[in-house]
Amino acid sequence: MTRKGGRLSEHKFIVDCMHGKLARKMRLYGFDTLYDVKFDDSKVIEIAKLEGRTVITSDEALIERAKSEKLQVIWVPLDNELPRMIKIFETLKILPKIDPKRSRCPNCNSPLAIVKKKDVKDVPENVLKRKRVFYKCTGCGKIYWYGSHWKKIREFEKTLKRMLRELGEGRKNEFKR
């Protein structure tokens, strides 16, 4: 298992090839999460050992290999994102909170930085007119803003928090914020 609580920046993960969507979602929550569909189990183990990352997987064989190498591992169900994210946040004993200032690029895992509107390029003109705040990936350069998808992201987060609180009721260890 991983350390409990603490700052998101303290948690570093590597996600196996079955969970690309999960890796992208974790990056939105600020987790340093490596993922590459080309990583086989040996590569996942190698990187986890080298960089001190927790392995996230549904693969029983990979779990056993990670444990034999004394690596931290979180088993997640082969389900949709919600049960997987519940498992991760429950293991870490923290409540989810998306903060774009701490989010990482869902595509490349690099940190995001606020960028001045005048420096924003390659976004639709109507977005430039309507939006004031933009974030730029420090790695791949992709631009992000609060768009129509933001409501779905917030609803997911709200559901995730509610379910985690329900799981945490009656337990000694409350989830940390």
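Heads up: the sequence shown runs through residues 198 to 374, numbered per my numbering.
Ideal Cβ placement from N, Cα and C applies to all residues, glycine included.
With distances taken from CA atoms, which of the options is nearest residue i?
i: G344; options: L268, L357, D296, K328; result: K328
i: I295; options: F210, L225, V212; result: L225
i: V270; options: D276, R262, N277; result: R262
i: I340; options: L361, E248, K318; result: K318
i: C305; options: E207, A220, K209; result: A220
i: K267; options: K313, L231, L247; result: L247
i: F239; options: D213, T230, E363; result: Reading off the sequence, residue 239 comes out as Ser, not Phe. Selected option, being the one with the closest Cα: D213.
i: I350; options: P297, L309, P321, I311; result: P297
i: F228; options: K358, L289, G365; result: L289
i: C302; options: M215, N323, G336; result: G336
i: K209; options: M215, H216, S265, L231; result: L231
In the DSSP output, which residue or residues are listed as bridge partners for residue i?
i: F210; result: T230, T251
i: C334; result: L309
i: V270; result: V252
i: R301; result: P308
How far does the alpha helix (DSSP H) with residue i in it reach, from first residue to last?
i: F353; result: 346 to 365
i: P280; result: 278 to 289
i: S265; result: 257 to 265
i: M223; result: 217 to 225
i: N235; result: Strictly speaking, residue 235 in this sequence is Lys, with Asn absent from that position. Looking at the DSSP string, K235 is not in any alpha helix (DSSP H), and its letter there is neither H nor E.
i: K318; result: It is not in any alpha helix (DSSP H) - K318 carries neither H nor E in the DSSP assignment.
i: K326; result: 322 to 327
Since residue i and residue j are thought to touch, with beta carbons under 8 Å apart, how far apart are those beta carbons, to the nearest angstrom?
i: K222; j: M282; result: 6 Å
i: A245; j: V252; result: 5 Å
i: I211; j: R250; result: 4 Å
i: P280; j: S255; result: Not really, about 11 Å apart at Cβ, beyond 8 Å.
i: L309; j: S300; result: 5 Å
Kindly indicate the opening and closing residues of the beta strand (DSSP E) around residue i.
i: I340; result: 340 to 342
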